[in-house]
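Chains as they are written, first to last, in this note's numbering: chain S, 1 to 330; chain V, 331 to 660. From the three backbone atoms N, C-alpha and C, an ideal C-beta is built for every residue, glycine too. Fair warning: this is a prediction, and the values are worked out from it, not measured in the lab.
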């Protein structure tokens, strides 16, 4: 598919330059130009929340830097981990003496580089803890091995809500872990994204085909099959996610429909409708709904369903006030 | 391109059903199911703001119904005017005794049907005024003949900011007219949108081609040409828009980069960057920036630039507090 870029090798730098020019009242680049930070940190010292990963998922991660949300985003090349120095520089840019929490999706390259950043910060006497986000149900049987997808945003919200109370690092980390443990996602892709450097798709897919369970970078899913109506696709996703989370009648959930970039809002709301109706029929209460492009794969046509099992505490965290360009509420 | 729908004939009804289920705390359907209204109207009576047009431009129009924003959205079929009864029913649903203002893009079918709605309301003794939005620079030489595109959102913001003060209908209408008179847009399309009923594009365009000046429904533009780098496309657009608005050094503007649905945020910020740099170089101050999918054509790959010439009054209107699902600020 077509993109509107200059030299693809410059795309990430130009994105970041454009982003801080558009939102200069909220964010700026740190001395390290792959680190987006709030223009002014919280007046009350708090645990620094550092969010990050490869670019190509906008508005993830940089769109969630703002008041009461992430303090910094560390940005890698497209579908590529940020480098360790950037991970470290984000810590020195936002630490207020209470330590920092790294939040990112569970991908090998990210783990290696963020861990190195945390070690470098430790040499400076700054404590950095990590919560890996692991919400992609289909990517592995065990929670700890799963990849992170749109659940990144859910876990971020929980961590930030608690960090904003002035809580200590262990408490903030525990909140993020609780949110992650209760978040389940699964998606479907109808097309590949188009890479800026090559101008080509990452993979080929037939004109009538879809892939159920595909990852946000194009990682293989369950099966390649003929494209079905939206309701059938939602039923297939829920048929896997609901048993995995063992959701029972009487429970409460948050529902996120996450567009991967190229899927119209019309389609996303039609998908939401089916998820709403199936859950309601099952006796599950939807206490919060989020629909839109929260974590994309650039122009990929596709979407994911994210369900969050709620208790009063987690529900309150997800309803906290946030004010970043791509996350405003309360 | 691929969509994720059920029967295409049901797409608009399913969209509306999904939308009010997802955002039931903010909106509901009126007795007329093509009218989306606020769940509770303003406690202080105000001029009713009614926004509308064909569907397929989401989040336009329904995404802007909310507290301090539109009181109702009237929704037609895809790329088709809402019917006159719906236009009328929106008035009876939201009028608080101060009259209503219709705001919509200048398209013949919309004008006919909204005018009929206003006549029916007049028979009930309710005054309805209209401001046609006419921001698409390339669509006609004279302002009054131009089509409305993303400027719809700018004009809505101005009208709502003034309506929220409790101003009378004439004052609110004058504010909308002032915003419209100062708003200039032009776009480029790299692909057609895909119609839900047919599953087919509206028009064909070559794999390396773009159309400069294309309308939001696929109306023909200036010329079909080879796709160029983002900066060159922005320069071409600004080369037409800036002389048309006769923008001078020392002036202040708001800039909106509006994605048409299929263009990644990465590309939109790269486009924003060039517009920012060209205006800054010219001595123009950007006092407000908006980047994202404000008025789409479903999955169309493309974007538009909207510039708003500001004075203190108009700038204050655009910075007023708004709280709709797709317009939150302040």
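- For the C-beta of residue 557 of chain V, the chain S residues within less than 7 Å are, from N- to C-terminus, 2.
- Taking C-alpha positions only, residue 647 of chain V is separated from residue 205 of chain S by approximately 47 Å.
- An exposed status is given to residue 339 of chain V, since fewer than 16 other beta-carbon atoms sit within 10 Å of its beta-carbon.
- Per the coordinates, the alpha-carbon of residue 345 of chain V lies some 24 Å from the alpha-carbon of residue 213 of chain S.
- For residue 254 of chain S against residue 152 of chain S, the beta-carbon gap comes to about 14 Å, at or over 8 Å, which does not count as contact.
- Residues of chain S whose Cβ lies closer than 8 Å to the Cβ of residue 601 of chain V are, in chain order, 4 and 18.
- Look at residue 47 of chain S: its C-beta is not under 8 Å from any C-beta on chain V.
- Going by DSSP, residue 21 of chain S is part of the alpha helix (DSSP H) stretching over 11 to 22.
- With respect to the C-alpha of residue 245 of chain S, the residue from S:279, S:190, S:105 and S:184 having the closest C-alpha is S:184.
- Annotation: the stretch 366 to 401 of chain V contains the following complete segments of the beta strand (DSSP E) (minimum length 3 residues), in chain order: 378 to 385.
- Against chain V, the beta carbon of residue 58 of chain S has neighbours under 8 Å at 594, 595, 596 and 599, listed in chain order.
- DSSP places residue 130 of chain S inside the beta strand (DSSP E), whose first and last residues are 128 to 133.
- Scanning the stretch 149 to 214 of chain S for uninterrupted alpha helix (DSSP H) segments of 4 residues or longer gives 151 to 163 and 169 to 181, listed from N- to C-terminal end.
- A Cβ-Cβ distance of about 6 Å is found for the pair residue 431 of chain V and residue 502 of chain V, placing them in contact under the 8 Å criterion.
- Any Cβ of chain V closer than 8 Å to the Cβ of residue 261 of chain S would place that residue at the interface, and such an atom is present.
- Note: residue 108 of chain S is not bridge-paired with any residue in the DSSP secondary-structure output.
- The beta-carbon separation of residue 608 of chain V and residue 565 of chain V, rounded to 7 Å, stays under the 8 Å limit for a contact.
- Rounded to the nearest angstrom, the gap between the Cα atoms of residue 561 of chain V and residue 199 of chain S is 17 Å.
- Spanning the alpha carbons of residue 135 of chain S and residue 110 of chain S requires a straight line of approximately 16 Å.
- Residue V:520 holds the alpha-carbon nearest to the alpha-carbon of residue 558 of chain V among V:520, V:446, V:426 and V:365.
- Between the C-alpha atoms of residue 471 of chain V and residue 570 of chain V there is a straight-line separation of about 12 Å.
- Using a Cβ-Cβ cut-off of 8 Å, residue 303 of chain S counts as an interface residue toward chain V, since at least one Cβ of chain V sits closer than that to its own.
- For residue 155 of chain S, same chain residues with a beta-carbon under 7 Å away, outside a window of 5 residues either side, are 103, 131, 133, 176, 179, 180 and 183 in chain order.
- Chain order gives the chain S residues near residue 341 of chain V as 266, 267 and 270, where near means a beta carbon separation below 9 Å.
- Taking 8 Å as the cut-off, the beta carbon of residue 210 of chain S is found no closer than this to the beta carbon of residue 261 of chain S.
- If you compare the alpha carbons of S:71, S:50, S:97 and S:98 with that of residue 82 of chain S, the shortest gap goes to S:50.
- Look at the stretch 602 to 614 of chain V: the residues with a C-beta under 7 Å from a C-beta of chain S are 602, 603 and 606.
- For the C-beta of residue 14 of chain S, the chain V residues within less than 7 Å are, from N- to C-terminus, 600 and 603.
- About 7 Å separates the Cβ atoms of residue 618 of chain V and residue 649 of chain V, confirming a contact at the 8 Å cut-off.
- The residue among S:42, S:265 and S:307 with its C-alpha nearest the C-alpha of residue 622 of chain V is S:265.
- Ranked by Cα distance from residue 76 of chain S, the first of S:249, S:305 and S:58 is S:58.
- Cβ-Cβ distances below 8 Å link residue 1 of chain S to 191, 194, 201, 262 and 299 in the same chain, with the five nearest sequence neighbours on each side left out; the list follows chain order.
- Between the C-alpha atoms of residue 282 of chain S and residue 250 of chain S there is a straight-line separation of about 9 Å.
- What residue 28 of chain S touches in chain V, judged by beta-carbon distance under 7 Å, is nothing: the nearest beta carbon there is about 14 Å away.
- Per DSSP, reduced to three states, the secondary structure at residue 7 of chain S is coil, with no helix or strand assignment.
- Per DSSP, the beta-bridge partners of residue 652 of chain V are V:659.
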